[in-house]
Amino acid sequence: MKKHLFKNEQSFDMDESSLESRINFLKESMGNTEDLFMLPISFRDRKGTIIYLSTIADSEKIQEGVLFPLIKYQDFNLHDIPFTAENNNRVDLQEAVNALLQGKAIVSMEGWDDIFSFNTAKDLSRSPNEPDNEKTVRGSHLGYVENLTTNIGYIRRGISSRHLQIRYFQTGQYTNTQTAMVYIEGIVNPSLVEKLTNRLQAVTTDMTFSPGYLEELIEDSPLSPFPHILYTERPDRTIAQLMEGRIALLTEGSSDAIILPVSFFSFFQATDDYNSRIIIGSVFRLLRVVSFLLTLLLPGLYIAIIAFHFEIIPTDILVVVKNSVDNIPYPPFIEAMIMAFTIELIREAGIRLPTPIGQTIGIVGGLIIGDAIISAGLVSNIMVIVIAMTAISSFTIASYELSNTVRILTFPIMVLAASFGFVGIIFSLMFIVGHLCKLESLGTPYFSPVAPFDVQGMKDAILRFPIWLLKFRPRDLLVKNRRRLYRPRRWEENEE
Amino acid sequence: MRKTIKRLIVSSVIPIFLTGCWDQRLLKEQKLISLVGYDMNSNGEVIASMAYPVRKGGVTTGTQSASSQSTILTTHGKTALDSLMHADLKISERIDISKAQVILFGEKIAKVGLYQVIDHIYRNPKGALGAKVAIVEGSTAEAVNLKQEEAEIIGRYYDEFLKSGRATGFYTNYNVQSVCPLLLKHTKDPLLPLLQIQPTQNRAVTVGMAMFNNEKMTGKLNIDESKMFILLDGSKKQKVSLLVRTNNHYKNRQKNYVVIEVLGTKPKTKLHVKNKSITADLSLKLYYRITEYPKNHLTTPMLLDELNKAIKENLTQLAQQTITKMQEANCDGFGIEEQIKVHHHKLWEKQYKNTALKNITIKPRLQLELTNSGIID
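Quick look at the structure:
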């Protein structure tokens, strides 16, 4: 049973059938808010009222869908009037309060027990744009909007199947945010659905305004630096993940869908991989995996090399490095910290500021500081190259969350590299790999298909194998139906 | 949860107190020695000369690419490492020879023995095992002091010098690592590049190779002999060119010579045992082409045959001369004793253990095949 943090329902001792008392009840329930509008009407000489919240109900819809039919069909029985506004069902007074909050119009007539509600909610969403942080070259450029119904509509349009299931939850006891859980019956592992349902029902907060707020409350180990929930603003990415047997969560008022459970390698899969040719897609996937390692290790390796093991690099390079390092007053670790900190500052400032100023900051920060810091002799030019390479390669990772995680993880690795050299780097890698192996996303192994090892799954992890070879859905999800495709190139046998 | 946090704090605090065993070695606090030369003075002390790059220009030249200049330091001590320790006293930063590219030895010290000089490199985990090894006629201090403009760093100059010598085919390819077993075991001996310094021209010149008996230098091969040794040994890396005298009656002296380029070789060492004495047959098949023939008119097969014969005669003589020299120096560069040890072990134990190379008859047997006489005919 859901525990209530506060009292949502009120009860009055009164006669519910009288129109006036009903109106009073609704007014009281809404706390006499001033955007509650009441429109007196009469139908067959009965007095009645249309009640709605003017801020979220569309008055035009009310006029056309409720008021006009009432006037036009005065001869009809109230039940038989063909209202053009959708979703006219009878509700009791308690439900009427909730209906009002969703932008519905309530019609109550004197002498009638039934209360009618009509869906007249204002369409508050914007027109869809291509998501800025998940751009693709080929394929769909559609992104989610801030309206739940529209967003689910995009998914429905992509998967025209009766197996697509949508379940609604109310989260946040003040905000009453609608959250939808979307999955495909017959593919998804039912125990995952049950688990997620339980977690969602157990959430008791006063508000949820975004999936990110929800994420912390439902994920397995919120303190881990690695994201184990995939955010996406793209319906096509959501659809692909749903077809793998994962579950998507969407909330009203947010243009993100969160996908879970996900594995570590889901963050490297970009939509473009599947839209481009096999070899090219594979190369770019590999590039992303390499850039992940580069981001994680490059600053640490450089520090370890020039502080401990400089004999491993060729003499010709060493002389160049020594020349650039010789007059720097700081040890390499401090040097790297200064530079990495500067880059993080530039990045953060670029995001927070409006776009035109953000670009200026990029130029001022990147070029001017970078150049000045070298000529001032605070940071060696090789270090600038290293940190800049790291920053650039971190941005190639297909997920914003993971790319931030990795850049933050470089700091402890730098500390260990500066204290213990290569030994420190190996230790930190051991720690990270161990942590990745231990992580679970909704109870499924996060580091699959590497651990537990799965040959079939590896086909879509580091490289992108041809689509006709990706015959099975990931094993770690324990889906009901693993087989994804049957001889898709059957035509080859028919030809010749 | 609390446990994890506790562990995390403990494991992050403990390393701070462990800094006593911190072996940080900052690159900017090391003097990277690129070239070391060892020599011996009349008192039997080891003289070490070393060159290290120093950054040219001031602090503010960050935007320009800074270039380096070599600085030279000479010290002496009782042993090789001792002399380096003395050098450390004279230098602003710590000395680091782990990136030395070339190690030069003076003729004097090479005659006393090489191993004792580089022993300290083998014992050091960061020792420069990849450094090339060469012998210098005369003083090494002069060699290290060379103001050569072909390379900014003098170590690099010698490195390239030896590399090209190997490519041209008159140097063996030994570094500190690979020469070690040859210095220590008695069954095969190394031959190392031999240089001479021309201080007036600021150049190093190749004079051939130094022959070693175990770890002591015992003789020298000139360039032609060195080339012949490389061919007989089969350690040829690229095409080797040889100047061969085929005639001596032309007034125009150029016409007496032919230059051949060896394209491929098939060396084979065979041991024959007769009356408990061993004869080694060094058979060598050479495929060559003519790259210069000033006399010209190489048209008929008969002429070619004649020329081939002359070349063969000449080369066989050169091979014989090389082998004789090596026997005199007791330098078993071919590893013949090793072969005996492997194939005729009992005989080796009885008779040929640590034997002088003179006691083994070595016969070179050359076969030549002309594959190409150039594109002009």
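As they're listed, the protein sequences go chains X and Z. Residues in the first sequence are numbered consecutively from 1, following our numbering. Residues in the second sequence are numbered consecutively from 1001, following our numbering. Every residue gets a Cβ at the ideal spot worked out from N, C-alpha and C, and that includes glycine.
Collapsed DSSP secondary structure at residue i in the structure displayed
i, result
"L5 of chain X", "Because the pLDDT of L5 of chain X is 43, which lies under 50, any placement of that residue in the model is unreliable, and the number read from its coordinates should be weighed accordingly. Looking at L5 of chain X - three-state DSSP - the assignment turns out to be coil, as it is neither helix nor strand."
"E1410 of chain Z", "Past the edges of chain Z, shown from 1001 to 1377, lies residue 1410 of chain Z, and the structure says nothing about it."
"N323 of chain X", "helix"
"T149 of chain X", "helix"
"G1208 of chain Z", "strand"
"V262 of chain X", "coil"
"M207 of chain X", "coil"
"P1053 of chain Z", "strand"
"L1298 of chain Z", "coil"
"S1098 of chain Z", "coil"
"F1017 of chain Z", "helix"
"F472 of chain X", "strand"
C-alpha distance - residue i paired with residue j, whole-angstrom precision
i, j, result
"I81 of chain X", "S29 of chain X", "29 Å"
"D13 of chain X", "N24 of chain X", "Here D13 of chain X scores only 47 on pLDDT, less than 50, and its place in the model should not be relied on; the value that follows carries that caveat. Cα to Cα, D13 of chain X sits roughly 12 Å from N24 of chain X."
"K1350 of chain Z", "Q1339 of chain Z", "15 Å"
"L1242 of chain Z", "I1260 of chain Z", "5 Å"
"I159 of chain X", "I239 of chain X", "7 Å"
"T1060 of chain Z", "V364 of chain X", "Annotation note: pLDDT 45 at T1060 of chain Z (below 50); position unreliable, coordinate value reported separately. Computed Cα separation, rounded: 21 Å."
"Y1352 of chain Z", "L1271 of chain Z", "13 Å"
"K1006 of chain Z", "V1013 of chain Z", "11 Å"
"L1304 of chain Z", "G1264 of chain Z", "19 Å"
"P128 of chain X", "F226 of chain X", "30 Å"
"K2 of chain X", "P190 of chain X", "With a pLDDT of only 42 at K2 of chain X, under 50, the local geometry of the prediction cannot be trusted, and no value is derived from it."
"G1165 of chain Z", "L1008 of chain Z", "58 Å"
"L1084 of chain Z", "V386 of chain X", "35 Å"
"E335 of chain X", "I328 of chain X", "8 Å"
"Q165 of chain X", "I467 of chain X", "26 Å"
"I462 of chain X", "P449 of chain X", "10 Å"
"I187 of chain X", "Y486 of chain X", "16 Å"
"E1142 of chain Z", "I432 of chain X", "55 Å"
"N968 of chain Z", "Q1320 of chain Z", "Chain Z is shown only over 1001 to 1377; residue 968 of chain Z falls outside these bounds and no answer can be derived."
"N176 of chain X", "M207 of chain X", "7 Å"
"S428 of chain X", "F341 of chain X", "21 Å"
Start-to-end residues for the alpha helix (DSSP H) that takes in residue i
i, result
"A304 of chain X", "278-307"
"I346 of chain X", "332-352"
"M430 of chain X", "422-438"
"R464 of chain X", "Element bounds for R464 of chain X: n/a, residue is neither H nor E."
"I1375 of chain Z", "Where I1375 of chain Z is concerned, there is no enclosing alpha helix (DSSP H), given that its DSSP letter is neither H nor E."
"S375 of chain X", "370-375"
"A388 of chain X", "381-394"
"F1161 of chain Z", "1154-1168"
Boundaries of the beta strand (DSSP E) in which residue i is found, first to last residue
i, result
"K1363 of chain Z", "1361-1372"
"E1261 of chain Z", "1257-1274"
"L485 of chain X", "Run containing L485 of chain X: none; DSSP gives neither H nor E here."
"F43 of chain X", "36-43"
"T1079 of chain Z", "Looking at the DSSP string, T1079 of chain Z is not in any beta strand (DSSP E), and its letter there is neither H nor E."
"V188 of chain X", "Neither: V188 of chain X is in no beta strand (DSSP E) and is coded neither H nor E."
"L1177 of chain Z", "This sequence places Gln at residue 1177 of chain Z; Leu is not what is there. Per DSSP, Q1177 of chain Z belongs to no beta strand (DSSP E); it is in the alpha helix (DSSP H), 1176-1184."
"T238 of chain X", "Premise fails: T238 of chain X lies in the alpha helix (DSSP H), 235-243, not in any beta strand (DSSP E)."
Proximal chain Z residues relative to residue i, where beta-carbon distance stays under 7 Å
i, result
"F310 of chain X", "L1027"
"D326 of chain X", "K1028, R1055"
"A388 of chain X", "Simply none; closest approach about 16 Å."
"I385 of chain X", "Here the premise fails: no neighbours, minimum Cβ distance about 13 Å."
Cβ distance (whole Å) where residue i is taken to contact residue j below 8 Å
i, j, result
"K1078 of chain Z", "E1045 of chain Z", "6 Å"
"V137 of chain X", "D273 of chain X", "Not a contact, Cβ separation roughly 11 Å."
"F268 of chain X", "I115 of chain X", "Not a contact, Cβ separation roughly 53 Å."
Chain X contact residues for residue i, given Cβ-Cβ distances below 7 Å
i, result
"P1053 of chain Z", "V319"
"Q1101 of chain Z", "T315"
"I1153 of chain Z", "V319"
"K1126 of chain Z", "E311"
Interface flag, residue i vs chain B, CB-CB below 8 Å
i, result
"Q1177 of chain Z", "The displayed structure is made up of protein chains X and Z, and chain B is not among them."
Proximity test, residue i beta-carbon vs the ligand FAD heavy atom, cut-off 7 Å
i, result
"N1354 of chain Z", "Inclusion of the ligand FAD in the displayed structure is not the case, the ligand content being empty and no account of it being possible."
Listed by chain order, chain Z residues near residue i by CB distance under 8 Å
i, result
"A417 of chain X", "Ordered by position in chain Z, no residue passes the 8 Å Cβ test against A417 of chain X, which lies about 11 Å from the chain."
Under 9 Å by beta carbon: chain Z residues contacting residue i
i, result
"P331 of chain X", "Q1024, L1026, K1028"
"A307 of chain X", "Q1024, R1025, L1026, L1027"
Neighbour list for residue i in chain X, Cβ cutoff strictly below 9 Å
i, result
"S1098 of chain Z", "F310, E311"
"L1032 of chain Z", "F310, T315, L318, V319, K322"
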